[in-house]
Amino acid sequence: MKKNFIALIMLLVAAVTVSAQAKKVEVPTPSIVPLPTQMVTGSGVFTLTNDTRIVTQFDEKEIKYVKNALNEIMVDVFGKELKSASKVKDGKYIVIKKDATLNGTDEGYTLDINKDGIVITAKAAAGAFYAVQTLRQIVPIQAYETTIDLEKVNLPIVNIKDSPSLAYRGFMLDCSRHFWNVETVKEMIDILAMHKMNRFRWHLTEDQGWRIEIKKYPLLTQIGSLREQTTTGHNVGMDGIPYGGYYTQKDVKEIVKYAQERFITVIPEIEIPGHSLGALSAYPWLGCRGEEGNYKTWSNWGVSPDIVCAGKESSFQFWYDVLEEVLELFPSEYIHIGGDESPRDAWKVCDLCQKRIKENGLKNEAELQSYVTHRIEEFLNSRGRKLIGWDEILEGGVSKSATIMSWRGAEGGIKAAKSGNMAIMTPNGHCYLDYFQTTDRKDEHEGIGGYVPLRKAYALNPYDQLSPNEQKYIMGVQCNLWTEYIPTRMQLQYQVLPRLSAIAEIGWTNPNPKDKDVEGFLTRAKELSRYYYVYGYNFGKHFFEDGVQEGW
Ligand code: ACM
Ligand code: ZN
Numbered sequence: 001m002k003k004n005f006i007a008l009i010m011l012l013v014a015a016v017t018v019s020a021q022a023k024k025v026e027v028p029t030p031s032i033v034p035l036p037t038q039m040v041t042g043s044g045v046f047t048l049t050n051d052t053r054i055v056t057q058f059d060e061k062e063i064k065y066v067k068n069a070l071n072e073i074m075v076d077v078f079g080k081e082l083k084s085a086s087k088v089k090d091g092k093y094i095v096i097k098k099d100a101t102l103n104g105t106d107e108g109y110t111l112d113i114n115k116d117g118i119v120i121t122a123k124a125a126a127g128a129f130y131a132v133q134t135l136r137q138i139v140p141i142q143a144y145e146t147t148i149d150l151e152k153v154n155l156p157i158v159n160i161k162d163s164p165s166l167a168y169r170g171f172m173l174d175c176s177r178h179f180w181n182v183e184t185v186k187e188m189i190d191i192l193a194m195h196k197m198n199r200f201r202w203h204l205t206e207d208q209g210w211r212i213e214i215k216k217y218p219l220l221t222q223i224g225s226l227r228e229q230t231t232t233g234h235n236v237g238m239d240g241i242p243y244g245g246y247y248t249q250k251d252v253k254e255i256v257k258y259a260q261e262r263f264i265t266v267i268p269e270i271e272i273p274g275h276s277l278g279a280l281s282a283y284p285w286l287g288c289r290g291e292e293g294n295y296k297t298w299s300n301w302g303v304s305p306d307i308v309c310a311g312k313e314s315s316f317q318f319w320y321d322v323l324e325e326v327l328e329l330f331p332s333e334y335i336h337i338g339g340d341e342s343p344r345d346a347w348k349v350c351d352l353c354q355k356r357i358k359e360n361g362l363k364n365e366a367e368l369q370s371y372v373t374h375r376i377e378e379f380l381n382s383r384g385r386k387l388i389g390w391d392e393i394l395e396g397g398v399s400k401s402a403t404i405m406s407w408r409g410a411e412g413g414i415k416a417a418k419s420g421n422m423a424i425m426t427p428n429g430h431c432y433l434d435y436f437q438t439t440d441r442k443d444e445h446e447g448i449g450g451y452v453p454l455r456k457a458y459a460l461n462p463y464d465q466l467s468p469n470e471q472k473y474i475m476g477v478q479c480n481l482w483t484e485y486i487p488t489r490m491q492l493q494y495q496v497l498p499r500l501s502a503i504a505e506i507g508w509t510n511p512n513p514k515d516k517d518v519e520g521f522l523t524r525a526k527e528l529s530r531y532y533y534v535y536g537y538n539f540g541k542h543f544f545e546d547g548v549q550e551g552w
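Residue numbers (our numbering): 1 to 552.
Structure follows, in C-alpha cells:
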C-alpha cells in the first residue's frame, strides 16, 4: 500500500513537528479493529528503527508474503524495507517464529512487543500475517501521516494473544451490475486483508453482464458482457451509453494470486439457473424460448423472468463446461452457484421443463430447481469441490453437504444450521452494504434503499436463536456490495467503509452479545478511519459524533 498523496497536504504542518515527535516518547494505547482476543499493555516503549532486522524462524517460502506485508509497513514509515538477519542479536529485531503447539487455529498468533524487539509467534504463515496486520494499527498513525521518512518510531509495550472466532470472514463484490477493473479489485483485497478478512466472494455473472472469460463459450464475453445502455434512477430512464467489461482468464489468475499472497481465498459465483440474461443473450438456446426469446443483456435493474432452461440436457453441459474452466482458475474448495431470485414462471410454460418434472417425479418447479442444484453439486463433488448457494436453494430441498448463504434475513441460515447444513450468515438487515448508512440523504448518492448504519452492522449476531450445538454449523459471516447504484470506485469504498470493519470484528472477535461494547467499537472504528485516510480510501463519516460530512 502506498501513502496517500493527500498526506502531502499535511506535510507543511507535519514537517514542523515531526522531528520533535520522533524524539518524544509518545505512544498511544493500541486501538485495534478487529479487537484482539487478549491484549495486555506494559509501561515503556520499544523503539523501532530503520536499522531493525527481521529474523524469521519459518520456512522461507511459507513466510515470504508475511515479510512482504511487514515490509510494506516499513516502507510507509521508513521509506525502505528492513534488512533480514539470520539470528537475533541484542535489541532491534522483529522475530517471526513458528510454533506448532500454539493454541487456536492456523490464523491465530501472539504478538509481543518488549523493550528489545517484536516477537510474532504463529502456527502457520496466515497467523503471522494477521500479527502483521495488528502491528499496522499499533504503529502510530503519525508515522504514516508524515511523508518524511522516519528513522525511528516508538511502539507501546504490549502482549497480544489472538485467534479468530469464525473460520469464514467474507466480503462479496458484485462486478456485474458495474464492472470493477483489476486495480480496484486488488485495492479491495488490500482492504479485506487489513481487516483480517479471508474470503473474497466474486460475483461474476448476471442479467446485466457476464464478466468472466470462458474459452469454450467466447460469446459469453463478446456479447454477454455488453449491455446497450443502463437505466437511470430506479428504472426511470436510460442513459443511452453502451456498457461492458470482463476479466480475461489472465486477469482472474492475477487476482487469485494477489489474494492468495494476502491469505484470502477467492470464491467465484456463477449464477445457476437465474440471473443469467448475459449468458442467454450470447447463447439463446440456453433459454426456454430459444431464439424466439430475443434475449438481451439487461439494461434495467431487478430480476429477469428469463432463466436458463432446466429441461434441456445442453444447459447442464453448458454449466459443467463453464464450471470446468472455473475450477481450473479457482483453487477454492467452495464454489458459489447462486440459486437466488430465480423466477420459475418460464419453466411452468416450457414443454421440456415440464417433461423433466414429470420424468423425475418432481412435485413442482421448486423441486426442479432443487434437481438442478443436486446435479451441479454432484459435478462439483466429483471434482473434489463443495457447493454454496443462497438460501433459496433450501426451497426444494438440499443435500446435507450444501452450504447455505443466508441473505433474506437470518431464517435460511437458522433453518440450515438446525438441519445440519453449514451456513454463512449475511442477513441483509446487517450485512448489505449497498443499503443506506444514514437517514440524512441530502448528500447521498442514489441507492437501492434499506438502512444499515454502522451500529446495525455491528449488531449482527450470527448465533442468534441457535443452541451451542447448532452454532457449530455457522461457518462465518459475510458482507455484500451489490452495485446497481454504485458506478465509481470512490462510491464503492464509501459504501464499504467503515461498515466492513463491523462485520470483520463480528467474524474475528464475535463478542458475546451480552458483552458487546458498541461505544468501544465506534471509538476504535474512528481511529481506524485515520488509516483509511492515509491509504486514500474513501469512507462514510456518519458515525462521527460531530457528524462530519465531507463532500467526497
Ligand atoms: C441476493 O441479494 N439476491 C442474494
Ligand atoms: Zn425450459
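Cβ atoms here follow ideal geometry from the backbone N, Cα and C, with glycine treated the same way. Computed from a predicted model, the values in this text were never measured in an experiment.
Legend entry - Beta-bridge partners of residue 206, as assigned by DSSP: In the DSSP output, where bridge partners are listed per residue, residue 206 has 209.
Inset, instruction - Would you check whether the ligand ZN has a heavy atom nearer than 8 Å to the C-beta of residue 311? - result: Yes.
Inset, instruction - Tell me whether residue 42 is buried or exposed, calling it buried when 16 or more other Cβ atoms sit within 10 Å of its Cβ. - result: With fewer than 16 other Cβ atoms within 10 Å, it is exposed.
Inset, instruction - Give a yes or no on contact between the stretch 399 to 407 and the stretch 369 to 388, applying the rule of three or more CB pairs nearer than 8 Å. - result: By the Cβ rule, the stretch 399 to 407 counts as touching the stretch 369 to 388, because three or more pairs are nearer than 8 Å.
Inset, instruction - Please classify residue 455: does DSSP put it in a helix, a strand, or coil? - result: In the displayed model, residue 455 falls within a helix according to three-state DSSP.
Inset, instruction - State yes or no: is the C-beta of residue 347 nearer than 8 Å to some heavy atom of the ligand MN? - result: Ligands in the displayed structure: the ligand ACM and the ligand ZN; the ligand MN is not one of them.
Inset, instruction - List the whole-angstrom C-beta distance separating residue 153 from residue 77, where the pair is believed to meet the contact cut-off of C-beta under 8 Å. - result: Contact flag correct, Cβ pair sits at about 6 Å.
Legend entry - Every unbroken beta strand (DSSP E) within the stretch 75 to 117, with a cutoff of 3 residues, ordered by chain: Given a length threshold of 3 residues, each whole run of the beta strand (DSSP E) inside the stretch 75 to 117 is given here in chain order: 93 to 98, 109 to 114.
Legend entry - Sequence-distant residues of its chain with Cβ nearer than 7 Å to residue 464 (five each side left out): Counting only Cβ-Cβ distances below 7 Å, and skipping sequence neighbours, we find 410.
Inset, instruction - Could you name the residues of the same chain whose beta carbon sits closer than 8 Å to that of residue 558, not counting the 5 residues immediately before and after it, in chain order? - result: No statement about residue 558 is possible, as the shown extent of the chain runs from 1 to 552 and does not include it.
Inset, instruction - For residue 341, verify whether its CB is less than 8 Å away from any heavy atom of the ligand ACM. - result: For residue 341, the CB falls within less than 8 Å of some heavy atom of the ligand ACM.
Legend entry - Cβ separation of residue 383 and residue 329, assumed to be a contact under 8 Å, to the nearest whole Å: That belief does not hold up - the Cβ atoms of residue 383 and residue 329 are roughly 13 Å apart, past 8 Å.
Legend entry - residue 509 burial status per 10 Å Cβ neighbour count (16 or more: buried): Buried is the call here.
Inset, instruction - With residue 430 as the anchor, note down where its alpha helix (DSSP H) starts and where it stops. - result: Unbroken alpha helix (DSSP H) run through residue 430: 428 to 431.
Inset, instruction - Could you please give the first and the last residue of the uninterrupted alpha helix (DSSP H) stretch that includes residue 528? - result: Counting along the chain, the alpha helix (DSSP H) containing residue 528 begins and ends at 518 to 534.
Inset, instruction - Could you say if the stretch 469 to 478 and the stretch 405 to 425 meet the contact criterion of at least three C-beta pairs nearer than 8 Å? - result: In the pairwise beta carbon analysis, the stretch 469 to 478 is classified as touching the stretch 405 to 425: at least three pairs are separated by under 8 Å.
Inset, instruction - Check residue 278 in the structure and name its three-state DSSP category. - result: DSSP places residue 278 within a helical segment (H, G or I) once states are collapsed to three.
Inset, instruction - Examine the ligand ACM and report whether any of its heavy atoms sits within less than 8 Å of the Cβ of residue 298. - result: Checking the Cβ of residue 298 against the ligand ACM gives no.
Inset, instruction - Report, in whole angstroms, the separation of the C-beta atoms of residue 342 and residue 274, which I expect to be a contact under 8 Å. - result: Indeed, because the Cβ distance is near 3 Å, the residues count as touching under 8 Å.
Inset, instruction - Can you grab the Cα-Cα spacing for the pair residue 427 / residue 390, in whole Å? - result: Residue 427 and residue 390 have their alpha carbons spaced roughly 11 Å apart.
Inset, instruction - Have a look at the DSSP bridge pairing and note the partners of residue 537. - result: Residue 537 has no beta-bridge partner at all, per DSSP.
Legend entry - Euclidean distance between Cα positions of residue 521 and residue 174: Going from the Cα of residue 521 to the Cα of residue 174 covers about 28 Å.
Legend entry - DSSP-derived helix/strand/coil call for residue 60: Residue 60 falls in the helix class under three-state DSSP.
Legend entry - C-beta contact flag for residue 278 and residue 315 at 9 Å: Going by C-beta atoms, residue 278 is not nearer than 9 Å to residue 315.
Legend entry - Distance between residue 214 and residue 143 (C-alpha atoms, nearest Å): If you take the alpha carbons of residue 143 and residue 214, they lie about 46 Å apart.
Legend entry - Boundaries of the beta strand (DSSP E) in which residue 403 is found, first to last residue: Start and end: 403 to 406.
Inset, instruction - Check whether the Cβ atoms of residue 95 and residue 57 lie closer than 9 Å to each other. - result: Contact flag set, yes.
Legend entry - Distance cut-off 8 Å: residue 323 Cβ against heavy atoms of the ligand ZN: Checking every heavy atom of the ligand ZN against the Cβ of residue 323, none is found closer than 8 Å.
Legend entry - Through-space distance from residue 445 to residue 241, alpha-carbon basis: Separation of residue 241 and residue 445 (C-alpha to C-alpha, rounded to the nearest whole angstrom) is 20 Å.
Legend entry - residue 479 - partner residues in DSSP beta bridges: 171, per the DSSP bridge assignment.
Inset, instruction - With DSSP collapsed to three states, give me the class of residue 201. - result: The DSSP-derived three-state label of residue 201 is strand.
Legend entry - Contact test: residue 352 Cβ vs the ligand ZN heavy atom, cutoff 8 Å: Checking every heavy atom of the ligand ZN against the Cβ of residue 352, one is found closer than 8 Å.
Legend entry - Alpha-carbon spacing of residue 111 relative to residue 120, whole angstroms: Using only the alpha carbons, I get a separation of about 5 Å.
Inset, instruction - Within the same chain, show all residues whose beta-carbon is closer than 6 Å to that of residue 251, passing over the 5 residues directly before and after it, in chain order. - result: For residue 251, where only same-chain residues beyond five positions count, the Cβ hits under 6 Å are 182.
Legend entry - Residue interval of the beta strand (DSSP E) (run including residue 265): Residue range 265 to 269 is occupied by the beta strand (DSSP E) that includes residue 265.
Inset, instruction - Determine contact between the stretch 296 to 308 and the stretch 203 to 210, defined as no fewer than three beta-carbon pairs at a distance below 8 Å. - result: A contact exists between the stretch 296 to 308 and the stretch 203 to 210.
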